[in-house]
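Read the structure below first, then the notes.
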Amino acid sequence: MKNSTKELMQQAGEIQDSLSGDILGLATYFRSAKESLNKDGMLSSKGVMEKEAGLKRKMEVAAMQMIADKHREYKEILSKAKASAQAELLREVPAVDAQTKAIFDADLIQLRGNIMFGTTPERSAKHLAELVEKASVHPSLAKQVQEEYLQLGAAIAQRVGHSEQGMKLRNELLNGHNKLNKATKADGYEEAQRSLADIAEMENVQFISNAKYDRVFSEISGDNILKQFANDSERYFDVHRERVLRVQMQNPDMQGAAITE
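FYI, in our numbering the residues of the sequence shown are 12 to 272.
Following this line, the structure appears as structure tokens:
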């Protein structure tokens with residue numbers, strides 16, 4: 012598998028991890044601004060409380076915008092990683108060299124006869140296993156006989172019936188089928204499958220860990236809004252649209268919903 016898939020997955024993880032530093036930066040900003048309010052001799056106690064409430068709304072909107080931006084970037088990177096892994100699954104296997112192909116085709120004719128006309132099902136199955144071994148040396152050879160294996164294997168299975176020995180032989184035929192199917196895949200196929208499973212897990216896991224951020228969210232916003240909407244920023248900006256607009260209008264240092272100064 013190309014390194015790009017793993018690199019993109021790592022990049023997505025780094026984006027998620029970087030959020031903690033950004034939120035910590037907001038907390039530092041909040042503490043500094045709060046300290047300045049408390050030192051402002053021109054403000055009454057009520058004035059300080061009102062200013063602090065406004066500051067917390069500002070922090071809430073800024074934090075949600077920060078989370079939304081990071082989460083959007085995270086999902087975009089994971090989408091690219093998924094496309095890269097899927098492309099690896101669909102990658103064509105290289106062609107086998109002419110000499111190897113010619114030797115295999117010559118052996119195949121003999122093996123077909125041995126399989127079809129074996130005196131016992133066990134003998135036919137043994138020759139079918141030889142076919143799998145010879146075809147498994149190259150993905151294109153395995154692909155060449157994949158359908159034929161099913162036909163030949165089905166014919167053998169019909170001959171053995173459902174006795175205990177027959178069930179054992181059927182199981183061997185299934186193992187041969189699985190081995191041949193695996194041999195049709197290009198290098199990196201299984202790794203790409205694992206990456207897709209990991210990407211799916213990354214997509215489904217909560218972007219924000221409440222246990223990690225609950226304390227700082229409570230500090231900078233003073234209520235449960237951040238906790239409630241941290242993993243649903245799109246809904247936050249829909250439900251609290253008026254609050255966001257009001258905060259933007261009251262704070263000239265915010266571009267959109269992000270603090271620029």
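For glycine and all other residues, C-beta sits at the position ideal for the given N, C-alpha and C.
Among the options, nearest to residue i - alpha-carbon criterion
| i | options | result |
| --- | --- | --- |
| Ser229 | Val107, Arg68 and Gly58 | Arg68 |
| Ser220 | Leu139, Leu30 and Thr130 | Leu30 |
| His149 | Lys196, Ser135 and Gly52 | Lys196 |
| Arg226 | Glu25, Ala38, Ile167 and Gln27 | Ala38 |
| Lys179 | Lys81, Arg205, Lys112 and Glu133 | Glu133 |
| Glu159 | Gln176, Asn192, Ser174 and Arg181 | Asn192 |
| Lys154 | Lys190, Lys137 and Glu183 | Lys190 |
| Glu202 | Glu99, Tyr85 and Glu18 | Glu99 |
Separation of residue j from residue i, as counted between CA atoms
| i | j | result |
| --- | --- | --- |
| Ile78 | Phe218 | 9 Å |
| Asn262 | Ala74 | 15 Å |
| Phe248 | Phe240 | 9 Å |
| Ala165 | Leu101 | 28 Å |
| Val72 | Met260 | 12 Å |
| Gly58 | Ala222 | 33 Å |
| Ser206 | Ile26 | 18 Å |
| Lys62 | Ile88 | 39 Å |
| Lys13 | Ile34 | For Lys13, the pLDDT reaches just 49, beneath the cut-off of 50, and the residue's location in the model is therefore unreliable, although a value from the coordinates is still provided. Those two C-alpha atoms are separated by around 34 Å. |
| Gln97 | Gly36 | 38 Å |
| Arg181 | Ala117 | 27 Å |
| Ala194 | Lys112 | 16 Å |
Cβ distance (whole Å) where residue i is taken to contact residue j below 8 Å
| i | j | result |
| --- | --- | --- |
| Ile120 | Leu163 | That belief does not hold up - the Cβ atoms of Ile120 and Leu163 are roughly 14 Å apart, past 8 Å. |
| Leu139 | Ile167 | 7 Å |
| Met70 | Ile231 | 4 Å |
| Ser15 | Ser95 | 5 Å |
Reduced DSSP category for residue i - H, G, I as helix; E, B as strand; rest coil
| i | result |
| --- | --- |
| Met70 | helix |
| Met20 | helix |
| Met127 | helix |
| Met265 | strand |
| Lys196 | coil |
| Lys13 | The predicted model places Lys13 with a pLDDT of 49, which falls under 50 and marks its position as unreliable; any figure quoted below should be read in that light. DSSP places Lys13 in coil when its eight states are reduced to three. |
| Pro273 | Any answer about residue 273 is impossible in this case: the structure gives the chain only from 12 up to 272. |
| Ser174 | coil |
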